[in-house]
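Asker: As numbered in the working numbering, residues 27 to 351 make up the sequence shown, in order.
A virtual CB, placed ideally from N, CA and C, is assigned to each residue, including glycine.
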Amino acid sequence: MGTRSIYEHESPITIAYRRCIHEIALALTNDTSMINDDINAIFELEQRIAKNHWTMAEQRTRIDESIHTTLGNLSRTLNVNFDFVDYLQRAYGLANVSLTNEDIIFISEIDFIRNVSSIINHYSPRTLQNYLVWRFVVNRIDQMPQQFQIIKQNFLKVFIGTKSQKSRTIECATYVNTNMDFAVAKLYIEKYFDENARNQSMEIIMNIRNAFVDMVQQSSWMDPISKSKAIEKAYQNWVRLTGTEEKKLPGLQKYSPEQLFFINFGSMWCSKITDELTLVYILQDVHSLAQFRVHGSTSNFAEFDRVFNCKLGQGNSRVNKCSIW
Numbered sequence: 027m028g029t030r031s032i033y034e035h036e037s038p039i040t041i042a043y044r045r046c047i048h049e050i051a052l053a054l055t056n057d058t059s060m061i062n063d064d065i066n067a068i069f070e071l072e073q074r075i076a077k078n079h080w081t082m083a084e085q086r087t088r089i090d091e092s093i094h095t096t097l098g099n100l101s102r103t104l105n106v107n108f109d110f111v112d113y114l115q116r117a118y119g120l121a122n123v124s125l126t127n128e129d130i131i132f133i134s135e136i137d138f139i140r141n142v143s144s145i146i147n148h149y150s151p152r153t154l155q156n157y158l159v160w161r162f163v164v165n166r167i168d169q170m171p172q173q174f175q176i177i178k179q180n181f182l183k184v185f186i187g188t189k190s191q192k193s194r195t196i197e198c199a200t201y202v203n204t205n206m207d208f209a210v211a212k213l214y215i216e217k218y219f220d221e222n223a224r225n226q227s228m229e230i231i232m233n234i235r236n237a238f239v240d241m242v243q244q245s246s247w248m249d250p251i252s253k254s255k256a257i258e259k260a261y262q263n264w265v266r267l268t269g270t271e272e273k274k275l276p277g278l279q280k281y282s283p284e285q286l287f288f289i290n291f292g293s294m295w296c297s298k299i300t301d302e303l304t305l306v307y308i309l310q311d312v313h314s315l316a317q318f319r320v321h322g323s324t325s326n327f328a329e330f331d332r333v334f335n336c337k338l339g340q341g342n343s344r345v346n347k348c349s350i351w
């Protein structure tokens, strides 16, 4: 479920989670003689693993303990019972890739690996197998029959407060777009993007680059050498395009192009989420909530004040602004 705080106390969420495991297990097996004991063991194992997760606050303050080593030194470096060398060689072997002892291995969260390896030593092969099967099933549940979708949806009602399930059409389209995004984008461009649309896109990109150059030139925290290097990276030797303003869409005539820019920025983050999902985001997501991503950035942006004629300290405008670029 993503964060250790959820596992620390019995709650409607943990009850719903175990019920979800139970119902999925019943749908997959005819042998129910040990199902309750198995589910309790799975949850206990997952609970103990979760206790070793870093909280967001701990992640922000801890020292990075990532290390580099070789495949040949991996077992000695980790000093755990699980044979990671054999696991990696088998996994890469499925793609016909051979690993040598000299291959470089990057290890992050080494304490977590050691702690979890110690935990699994206390559990039977049956529990470990059940746990792995459960993690595989829950990861693939969106591609399973409707019966399993309903079980998942019942859990999500408690976990994040969703009231209804997305249509199968939306689920399938999202799955394809997520797993084959470049292929989908290529087909979309071939169907809908003509040469004129491509030229308009290039113009937008060029204008953004030019605007970045202007911001770098006006910045107060960069010395001339740094400014030169930043511009060198950003500037492409393209001809500056000029032209008249675009025609305004019906219902938006009263807004200037600059105002529409900020309105569009806000609409990108416009969302309606439940209180339960808000809590999940706060506990698990490294990003700010959508409303603060809009209010925070615009309140510190002098151009936003100018465009909407805001006075300092009025509404969303901050008196003491934080400027990066």
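Please report the straight-line C-alpha distance between residue 332 and residue 300, rounded to a whole angstrom.
Answerer: Within the sequence shown, residue 332 is the residue found at index 306, counting from 1. Within the sequence shown, residue 300 is the residue found at index 274, counting from 1. Rounded to the nearest angstrom, the two C-alpha atoms are 34 Å apart.
Asker: Enumerate in chain order the residues of its own chain whose CB-to-CB distance from residue 262 is below 8 Å, with the five nearest sequence positions on each side excluded.
Answerer: Residue mapping note: residue 262 aligns to position 236 of the sequence shown, counting from 1. Below a pLDDT of 50, predicted positions are generally treated as unreliable, and residue 262, at 37, falls in that range; the measurement from the model is reported next regardless. Closer than 8 Å at Cβ, skipping near neighbours: 232 and 235.
Asker: Please return the same chain residues whose Cβ sits closer than 8 Å to the Cβ of residue 288, not counting the five positions on each side in sequence.
Answerer: Position 262 of the sequence shown holds residue 288. Closer than 8 Å at Cβ, skipping near neighbours: 324, 330, 333 and 334.
Asker: Between which residues of its own chain and residue 65 is the CB-CB distance below 7 Å, once the five residues before and five after are set aside?
Answerer: Locating residue 65 in the sequence shown gives position 39, where the first residue counts as 1. Around residue 65: 44, 47, 48 and 51.
Asker: Smallest Cα separation from residue 297: which of 285, 317 and 283?
Answerer: Walking along the sequence shown from the start, residue 297 turns up at place 271. Closest option to residue 297, Cα to Cα, is 317.
Asker: Among residues of its own chain, excluding the 5 on either side of residue 61, which ones have a beta-carbon nearer than 8 Å to its beta-carbon?
Answerer: In the sequence shown, residue 61 corresponds to position 35, counting from 1. So the qualifying residues of the chain are 48, 51, 52 and 55.
Asker: If I measure Cβ to Cβ from residue 302 and keep anything under 6 Å in the same chain, skipping five residues before and after, which residues do I get?
Answerer: Residue numbering aside, residue 302 sits at position 276 when the sequence shown is read from its first letter. Once the five neighbours on either side are set aside, the close Cβ partners of residue 302 are 186 and 187.
Asker: What did DSSP end up calling residue 188 once you bin it into helix, strand or coil?
Answerer: Sequence index remark: in the sequence shown, residue 188 carries index 162 (1-based). DSSP places residue 188 in coil when its eight states are reduced to three.
Asker: Applying the criterion that 16 or more other CB atoms from any shown protein chain within 10 Å of the CB defines a buried residue, is residue 174 buried or exposed?
Answerer: The count along the sequence shown starts at 1 and reaches residue 174 at position 148. So residue 174 counts as buried.
Asker: Counting only runs that start and end within the region 28-58, where is the alpha helix (DSSP H) found for 4 or more residues in a row?
Answerer: If we require 4 residues or more, the alpha helix (DSSP H) runs fully inside the region 28-58 come out as 30-33 and 38-54.
Asker: Indicate the three-state DSSP secondary structure (helix, strand or coil) for residue 299 in the structure shown.
Answerer: Position 273 of the sequence shown holds residue 299. Here residue 299 sits in coil by DSSP.
Asker: Okay, do the region 106-126 and the region 71-86 touch, 3+ Cβ pairs below 8 Å being the bar?
Answerer: The answer is no - the region 71-86 does not touch the region 106-126, with fewer than three Cβ pairs under 8 Å.
Asker: Are residue 94 and residue 132 close, meaning C-beta to C-beta below 7 Å?
Answerer: Translated into positions along the sequence shown, residue 94 becomes position 68. Translated into positions along the sequence shown, residue 132 becomes position 106. Yes.
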